[in-house]
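Residue numbers (this note's numbering): 131 to 266.
So this is what it looks like as structure tokens:
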């Protein structure tokens, strides 16, 4: 192309570069939103600022909270599991899960590195050096 059209600008390549870098940035941010929210300390969720997928997750979270509260109240009153299942029209499995109290709003798949994060954090604080440099 350089020989055929020496004055031509490679607009498509620049566009693809921007498109790919933008997509990579958005993918990275969306995958780490849980950690970003924890770092910022944001406990209040503003539904207007959520993406469509996050809004669906948030609505599911609100439904789970209502169910958990209803099951907790019935359980506190001494109602049997069978009776709770009849009253709430939910399964026994849901009753057992609701006792586990999952409180995270935006659930993400666990990473294979999650179990190593405490070790990496302490190693980083101690200033350990890897073959790529310090962990800091």
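Virtual Cβ for every residue (Gly too), placed ideally from N, Cα, C. Just so you know, these numbers come straight off a predicted model, no measurement behind them.
Use the C-beta contact count for residue i: other C-beta atoms within 10 angstroms, 16 or more gives buried, fewer gives exposed.
{"i": "residue 149", "result": "exposed"}
{"i": "residue 137", "result": "exposed"}
{"i": "residue 225", "result": "buried"}
{"i": "residue 201", "result": "buried"}
{"i": "residue 166", "result": "exposed"}
{"i": "residue 214", "result": "buried"}
{"i": "residue 249", "result": "exposed"}
Since residue i and residue j should fall inside the 8 Å C-beta cutoff, what is the C-beta to C-beta distance between them, to a whole number of angstroms?
{"i": "residue 197", "j": "residue 220", "result": "7 Å"}
{"i": "residue 204", "j": "residue 217", "result": "7 Å"}
{"i": "residue 188", "j": "residue 175", "result": "6 Å"}
So residue i is in the alpha helix (DSSP H); what residue range does that whole segment cover?
{"i": "residue 178", "result": "Note, residue 178: premise wrong, no alpha helix (DSSP H); not H, not E."}
{"i": "residue 251", "result": "247-256"}
{"i": "residue 218", "result": "211-218"}
{"i": "residue 169", "result": "163-170"}
Given residue i, which residues of its chain have a CB within under 7 Å of its CB, disregarding the five upstream and five downstream residues?
{"i": "residue 177", "result": "185 and 188"}
{"i": "residue 246", "result": "none"}
Check this for me: beta carbons of residue i and residue j, under 8 Å apart or not?
{"i": "residue 267", "j": "residue 211", "result": "Outside the shown range of the chain, which is 131 to 266, sits residue 267, and nothing can be said about it."}
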